[in-house]
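Trainee:
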Amino acid sequence: MKMKFVVVQFFIISLLLTSSLFMLSTADSSPCGGKCNMRCSKAGRQDRCLKYCNICCEKCNNCVPSGTYGNKDECPCYRDMKNSKGQPKCP
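Quick note, the sequence shown lines up with residues -27 to -1, 1 to 64 if you use mature numbering (1 follows the signal peptide of the UniProt record, and there is no 0).
Set out below in structure tokens:
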């Protein structure tokens, strides 16, 4: 009985460690990932910010302005991209 409990505990711990390592290995490792994580760190809608930041970054050869807001002159492509309503697309 005690041996089964130890085996079950070992299995559960192994499963948790494996899933944690998998999540770390599939984290966004693209050049845009870290830049957009920084750019969107203070955004109210992080999911939306990250989505559009990554789209803009990829289209602009991995260029993302520094900081969490402003500085768009560092990346003219990022700055000048517009959505269908003519508003800035990139956060």
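From the three backbone atoms N, C-alpha and C, an ideal C-beta is built for every residue, glycine too.
What number of angstroms, rounded off, separates the C-alpha of N34 from the C-alpha of S(-14)?
Mentor: Roughly 40 Å separates the two Cα atoms.
Trainee: Using beta-carbon positions only, say whether N27 and C9 come within less than 8 Å of one another.
Mentor: Yes, the pair counts as a contact, with Cβ atoms nearer than the cut-off.
Trainee: Does P61 come out as helix, strand or coil in the three-state DSSP assignment?
Mentor: Strand at P61.
Trainee: In whole angstroms, what is the alpha-carbon distance linking C63 and N56?
Mentor: The straight-line gap from Cα to Cα measures roughly 9 Å.
Trainee: Between which two residues does the alpha helix (DSSP H) harbouring G6 extend?
Mentor: Note, G6: alpha helix (DSSP H), P4 to R12.
Trainee: What residue from R18, I(-16), C30 and K58 has the CA that sits closest to G7's CA?
Mentor: Of the listed residues, the one whose Cα sits closest to G7 is C30.
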